[in-house]
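S.K.: By the count of the working numbering, the sequence shown reaches residue 1123 at its end, each step adding exactly one.
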Amino acid sequence: MAYVGDTQIHLQDPRTGQTVGELPVTPVADLPALVERARKAGDAWARLPLESRKDGVRKLAREFLARAQAVADVLVAEIGKPPGEAWTSEIVTAQELFDGWLEMIDDELADIPVSLNPINYPGKDLALRLDPVGVIGMIMPWNYPIHLPLRTIVPAVLAGDAVVWKPSEHAARCGALLDEIFRAAFPADLVITVQGGAAQGGALVDAGVDRVVFTGSVPTGRAVARRAAERLVPCSLELGSKDAAIVLHDADLERTANGLVWGAFHNAGQDCASVERVYVDKRIHDALLAKILEATAGMAKDLGPLIDQRALDKVHGHVTAAVAAGAVVRTGGAPTGIGWHYPATVLTGVTDDMAVMRDETFGPILPIAAFDTEDEAVARADASPYGLTVSVWSRDLKRAQALASRVRVGVQYVNNCCFTGPMAGAAWSGRKESGYGATGSRFGLDALVVPRTVCVDRSRQ
Ligand code: NAD
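1. Around the Cβ of Thr669, are there at least 16 other Cβ atoms within 10 angstroms (buried) or fewer (exposed)?
2. Give the single residue among Ala706, Gly1025 and Gly988 whose Cα lies nearest to the Cα of Asp1015.
3. Does the count of Cβ pairs from the region 1067 to 1085 and the region 885 to 899 closer than 8 Å reach three?
4. Nearest-angstrom Cα distance between Glu747 and Gln731?
5. Please confirm if the region 865 to 874 is in contact with the region 990 to 998, defined as three or more CB-CB distances below 8 Å between the two stretches.
6. Only counting the same chain, and skipping five residues up and downstream in sequence, which positions put a Cβ closer than 8 Å to that of Lys716?
7. In this structure, does DSSP put Val719 in helix, strand or coil?
8. For Gly822 and Val719, I'd like the C-alpha separation in whole angstroms.
9. Please list, in chain order, all residues of the same chain as Val991 whose beta carbon is under 8 Å from its beta carbon, the five residues on each side excluded.
10. Select from Ile808, Glu1036 and Gly859 the residue whose C-alpha is nearest the C-alpha of Lys944.
11. Going by other Cβ atoms of all chains shown within 10 Å of its Cβ, with 16 needed for buried, is Asp675 buried or exposed?
12. May I ask you to verify whether the region 787 to 794 touches the region 724 to 740, counting CB pairs closer than 8 Å and requiring at least 3?
13. Under 7 Å, do Ala887 and Ile671 count as touching if we go by C-beta distance?
14. By alpha-carbon positions, which one of Leu778, Thr993 and Ile854 ends up nearest to Gly960?
15. Can you tell me the Cα-Cα spacing of Lys963 and Asp773, whole angstroms?
16. Quick check on DSSP: helix, strand or coil for Glu684?
17. Here's a check: name, in chain order, each residue in its chain whose Cβ is nearer than 7 Å to the Cβ of Phe927, leaving out the five neighbours to either side.
18. So which of Glu1022, Glu725 and Gln757 has the shortest CA-CA distance to Pro881?
19. Taking buried to mean at least 16 other C-beta atoms within 10 Å of its own C-beta, is Gly683 buried or exposed?
20. Can you tell me whether Cys836 is buried or exposed, with buried defined as 16 or more other CB within 10 angstroms of its CB?
21. Scan the region 924 to 1002 and note each continuous alpha helix (DSSP H) run of 4 residues or more that stays entirely inside, going in chain order.
22. Would you identify the three-state DSSP class for Met766, choosing helix, strand or coil?
23. Assuming Thr1101 and Glu770 make a contact with CB atoms under 8 Å, what is their CB distance in whole Å?
24. Figure out for me which residue from Leu922, Lys828, Tyr1048 and Trp1090 has the closest Cα to the Cα of Leu1107.
25. Where are the alpha helix (DSSP H) runs, 4 residues long or more, that stay fully inside the region 1036 to 1092, in chain order?
26. Gly785: buried (16+ other C-beta within 10 angstroms of its C-beta) or exposed?
27. Kindly identify the DSSP beta-bridge partner or partners of Phe1033.
28. Less than 7 Å between the C-beta atoms of Val733 and Ala865, yes or no?
29. Looking at the secondary structure, which residues open and close the alpha helix (DSSP H) in which Leu799 lies?
30. Could you give the distance in angstroms between the alpha-carbon of Leu778 and the alpha-carbon of Ala789?
31. Relative to the alpha-carbon of Lys743, which residue among Ile798, Ala930 and Ala1041 has its alpha-carbon at the smallest distance?
32. Does DSSP put Thr814 in a helix, in a strand, or in coil?
33. Quick check on the DSSP output: the beta strand (DSSP E) that includes Gln670 runs from which residue to which?
34. Classify Arg884: buried if its beta carbon has 16 or more other beta carbons within 10 angstroms, exposed otherwise.
35. Using a Cβ-Cβ cut-off of 6 Å (strictly less than) and excluding sequence neighbours within five positions of Ala1131, which residues of its own chain qualify?
36. Cα separation between Lys702 and Ser879?
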């Protein structure tokens, strides 16, 4: 965690709350010149054949792998991730991203022929070519400070774009390490890192970039979209959510309980797609609860801290308000008093009007509500301003898929949750206030390219 001063980011360790150092911020006045430098580097880069740009990403993968232990160490020190999570959720996923995009990119960037009627258009060829956008301005959150920037930077450089990006101030050291890796892998200035907070993020939108890719909270997303609109710069927004899990009466209880506990508590619940509310068929409510409590006890010691005091206050505020309104704490429910740690907390007796069932909590809280009918469960899951993911848990895969499809989200899971965000081949996209645009897949690439219609007339040479 950190706070941003005029010239320095003051770094704190979320595991202890202690101040641990400083890192210089990028002066806001420097940003337009940095974007121009990136544009120059990007112009030269885009003229290289795709195979050379792929070599650049292969080099990136090697440089990343060579520093994998350093990446894990800084994730532990700066965000407080347990080491196992640092490896599985950031390092393994990054390797998959490199491989996935290297495999897909030739097909995704290939010219798209447009078929013409030869009687109306004799001797004419038409195709759509995908040009790079130019300079992508990217603003990132802190909760997955390695794979989130990579999931845009990797396809962007393959497409021929340059990137100027800002890590979160809470993940400035992760950003600095990625910066070192980019410098080792790419030509100078192709990917430029800007350090700082809201001032630098806002200034980046104004600095002459051609496209903004933002991942973060809904309020900041709104501010970024407004600012980008003033400049007519297109932007894509990957924002927060309040993702629901629906558990049907025929679910495998053991598997479901383990899945929900992981879905709610990994990264201490600080995942945009965390399971933040459970709707369970009332016939199996008590049996599922018993399994969930068992699974929670098993993983409680592996929980990392929240990112800062503000996060701790919000999470505990959701719990205390729910309890005041009649919810029951089944385990956890109060800060541990060590750094910004909050224990894995399970609530029952919750109602949909409580903040803990309505607003993004972004902490290790699993509120469980019972439902009478499946239609009711779908309606309650869908009655949210957010729409990132939903999961349905059942042995009847067809029925579960049909129910999940009725919830307005960008990603649906049956008998699993949360894990597809970093995949190159899968689209990660929100509906409603969870944002617009996508990362991953050809739909994520859309943000990073512009189509050019190319016409050649061979008829009278
Ligand atoms: P945040 O909105 O506080 O900050 C995100 C980034 O925006 C940071 O780099 C911050 O410095 C910058 N920023 C802050 N104010 C700004 C402004 N006025 N103009 C420009 N930039 C500004 O979010 P956070 O706390 O870092 O991240 C947590 C949020 O991100 C949660 O809501 C989570 O759900 C969401 N998130 C979404 C996804 C997704 O893929 N949908 C992934 C990860 C996190």
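Glycine included, every Cβ here is placed at the ideal spot set by N, Cα and C.
M.R.: The structure says:
1. On the sequence shown, position 7 is the one that residue 669 refers to. By the neighbour-count rule (16 or more Cβ atoms within 10 Å), Thr669 is not buried but exposed.
2. Position 353 of the sequence shown, counting from 1, holds the residue named residue 1015. It is Gly988.
3. Result no; under three Cβ-Cβ pairs closer than 8 Å.
4. In the sequence shown, the residue the question calls residue 747 occupies position 85. In the sequence shown, the residue the question calls residue 731 occupies position 69. When rounded, the distance between both Cα atoms is 13 Å.
5. Fewer than three pairs of CB atoms, one per stretch, sit closer than 8 Å, so the region 865 to 874 makes no contact with the region 990 to 998.
6. Taking the first residue of the sequence shown as position 1, residue 716 is located at position 54. For Lys716, where only same-chain residues beyond five positions count, the Cβ hits under 8 Å are Leu764, Ile767 and Leu820.
7. What you label residue 719 is simply residue 57 of the sequence shown in a count that begins at 1. It is helical.
8. Taking the first residue of the sequence shown as 1, we reach residue 822 at position 160. Taking the first residue of the sequence shown as 1, we reach residue 719 at position 57. Each residue's CA atom was taken as its position, placing Gly822 and Val719 some 12 Å apart.
9. Start at 1 with the first residue of the sequence shown, and residue 991 comes out as number 329. Correct list, in chain order: Val981, Val985, Thr1007, Val1008 and Leu1009.
10. Here the question's residue 944 lines up with position 282 in the sequence shown. Taking only the C-alpha atoms, the option nearest Lys944 is Glu1036.
11. The residue given as residue 675 occupies position 13 in the sequence shown. That one is buried.
12. As far as the Cβ criterion goes, the region 787 to 794 does not touch the region 724 to 740, which means the pair count is below three.
13. Numbered from its first residue, the sequence shown carries residue 887 at position 225. Numbered from its first residue, the sequence shown carries residue 671 at position 9. Ala887 places its beta carbon 7 Å or farther from that of Ile671.
14. Sequence index remark: in the sequence shown, residue 960 carries index 298 (1-based). From the listed residues Leu778, Thr993 and Ile854, the smallest Cα separation to Gly960 is found for Thr993.
15. Residue mapping note: residue 963 aligns to position 301 of the sequence shown, counting from 1. Residue mapping note: residue 773 aligns to position 111 of the sequence shown, counting from 1. Put simply, the backbone Cα of Lys963 is about 52 Å away from that of Asp773.
16. Walking along the sequence shown from the start, residue 684 turns up at place 22. If DSSP states are grouped into helix, strand and coil, Glu684 belongs with the strands.
17. On the sequence shown, residue 927 is found 265 positions in, with the first residue counted as 1. Correct list, in chain order: Met961, Leu965, Ala1006 and Pro1026.
18. One-based indexing of the sequence shown puts residue 881 at position 219. In terms of CA proximity to Pro881, Glu1022 leads the group Glu1022, Glu725 and Gln757.
19. Position 21 of the sequence shown, counting from 1, holds the residue named residue 683. Classified as exposed, Gly683 has fewer than 16 neighbouring CB atoms from the shown chains inside 10 Å of its CB.
20. Against the sequence shown, residue 836 aligns to sequence position 174. With 16 or more other Cβ atoms within 10 Å, it is buried.
21. The qualifying runs are 947 to 961 and 971 to 986.
22. Position 104 of the sequence shown, counting from 1, holds the residue named residue 766. Here Met766 sits in helix by DSSP.
23. Locating residue 1101 in the sequence shown gives position 439, where the first residue counts as 1. Locating residue 770 in the sequence shown gives position 108, where the first residue counts as 1. The pair is not a contact, with the Cβ atoms about 14 Å apart (cut-off 8 Å).
24. Taking the sequence shown and counting its residues from 1, one reaches residue 1107 at position 445. Comparing Cα positions, the closest option is Trp1090.
25. The region 1036 to 1092 contains these whole alpha helix (DSSP H) runs: 1036 to 1044 and 1059 to 1067.
26. Here residue 785 refers to the residue found at position 123 when the sequence shown is read from its first residue. By the neighbour-count rule (16 or more Cβ atoms within 10 Å), Gly785 is not buried but exposed.
27. Sequence index remark: in the sequence shown, residue 1033 carries index 371 (1-based). In DSSP, Phe1033 forms a bridge with Asp943.
28. The residue given as residue 733 occupies position 71 in the sequence shown. The residue given as residue 865 occupies position 203 in the sequence shown. The answer is no: Cβ separation not under 7 Å.
29. Here residue 799 refers to the residue found at position 137 when the sequence shown is read from its first residue. Checking the displayed sequence, the identity of residue 799 turns out to be Gly instead of Leu. Note, Gly799: premise wrong, no alpha helix (DSSP H); beta strand (DSSP E) at Val797 to Ile801.
30. Reading the sequence shown from its first residue, position 116 is the one you call residue 778. Reading the sequence shown from its first residue, position 127 is the one you call residue 789. Spanning the alpha carbons of Leu778 and Ala789 requires a straight line of approximately 10 Å.
31. Position 81 of the sequence shown holds residue 743. For Lys743, the nearest C-alpha among the options comes from Ala930.
32. Reading the sequence shown from its first residue, position 152 is the one you call residue 814. If DSSP states are grouped into helix, strand and coil, Thr814 belongs with the helices.
33. Here residue 670 is taken as the residue at index 8 of the sequence shown, counted from 1. Looking at the DSSP string, the run of the beta strand (DSSP E) that includes Gln670 is Gln670 to Gln674.
34. What you label residue 884 is simply residue 222 of the sequence shown in a count that begins at 1. Flag for Arg884 reads exposed.
35. Outside the shown range of the chain (663 to 1123) lies residue 1131, about which nothing can therefore be said.
36. Position 40 of the sequence shown, counted from the first residue, corresponds to residue 702. Position 217 of the sequence shown, counted from the first residue, corresponds to residue 879. Distance between the alpha carbons of Lys702 and Ser879 is about 32 Å.
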